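Asker: Convert by adding 12 to the 1-based position in the sequence shown; the result is the number in this note's numbering. No residue lacks a Cβ here, since even glycine has one placed at the ideal position from N, Cα and C. Model, not experiment: these values are computed from the prediction.
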Amino acid sequence: MLYVSLACRLTLVAVLALAAVAKLRSPRVFAASLAGFDVVPARLRGPLAVLVPAAELLVALLLALPPTVTAGFVAATALCLGLTAVPVLVVARGKRVTCACFGASEAPLGVRHIARNAVLLAAAVTGAAVALPAGGGMPPGVPGIVLAVVSAGVLTALIVFVDDLASLFASPSSAGGR
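1) Would Ala19 and Leu132 be called neighbours here (beta carbons separated by less than 9 angstroms)?
2) For Cys113, does the three-state DSSP call read helix, strand or coil?
3) Within 10 angstroms of the Cβ of Leu180, are there 16 or more other Cβ atoms? Answer buried if so, exposed if not.
4) Shortest alpha-carbon distance to Ala72 belongs to which of Ala83, Leu24, Ala134 and Pro79?
5) Go ahead and label Gly189 buried or exposed: buried means 16 or more other beta carbons lie within 10 angstroms of its beta carbon, across all protein chains shown.
6) What's the call for Asp175, buried or exposed, on a 16-neighbour Cβ count within 10 Å?
7) Report the rounded CA-to-CA distance for Ile157 versus Arg57, giving the unit in angstroms.
8) Tell me the rounded alpha-carbon separation between Val123 and Val103.
9) Between Ile171, Pro59, Ala88 and Arg55, which has its C-alpha nearest Leu69's C-alpha?
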């Protein structure tokens, strides 16, 4: 199970770090994207544009350091719950808003974003379920570690590029309207 935990850990570290860097590169774009959510009051958008990526980086750091892996998975679970709740609320309200989650995007929040965040939440919960009783140690076998690293890389790419992949596989008639 430590191999599964390692794959979850690496995926979360990579995705959270990439998301944080994208937001920090253009905090105004991220803050502006929060306006359409109707969840965040205007006065909180600027601070949240800094606090959200800071939280993502903190959780990634907790997961990267062996003594804090368990705390990192617990924090990742809480963070991913919040990051999943937002698109659920937006979609349930029928809003068509884009999110600068991984930089500027033209795709409105939808079911694929909820699914993406649910996968991250599942990785956090799975990692926590393993780390709570077993700790955050490294698994012993090199082949298993390599498989965990490759799995995390593939999962990270799928998560980060979900909008690009969706548009790639969209039918030509629906590509413009996504």
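Answerer: In brief:
1) In the sequence shown, the residue the question calls residue 19 occupies position 7. In the sequence shown, the residue the question calls residue 132 occupies position 120. No; because the gap between Cβ atoms is not below 9 angstroms, this pair is not in contact.
2) Taking the sequence shown and counting its residues from 1, the one referred to as residue 113 is at position 101. Note: Cys113 maps to strand in three-state DSSP.
3) Against the sequence shown, residue 180 aligns to sequence position 168. Leu180 should be labelled exposed.
4) Residue numbering aside, residue 72 sits at position 60 when the sequence shown is read from its first letter. Among Ala83, Leu24, Ala134 and Pro79, the Cα nearest to that of Ala72 is on Leu24.
5) For the purposes of this step, residue 189 is taken as residue 177 along the sequence shown, with counting starting at 1. Confidence in Gly189 is poor, its pLDDT being 48 and thus under 50, which makes the residue's placement too unreliable to answer from.
6) Counting from one through the sequence shown, the residue named residue 175 turns up at place 163. Asp175 comes out buried.
7) If you number the sequence shown from 1, residue 157 lands on position 145. If you number the sequence shown from 1, residue 57 lands on position 45. Straight through space, the alpha carbons of Arg57 and Ile157 are spaced by roughly 40 angstroms.
8) One-based indexing of the sequence shown puts residue 123 at position 111. One-based indexing of the sequence shown puts residue 103 at position 91. Each residue's alpha carbon lies about 8 angstroms from the other.
9) Here residue 69 corresponds to residue number 57 of the sequence shown, with the count starting at 1. It is Ala88.
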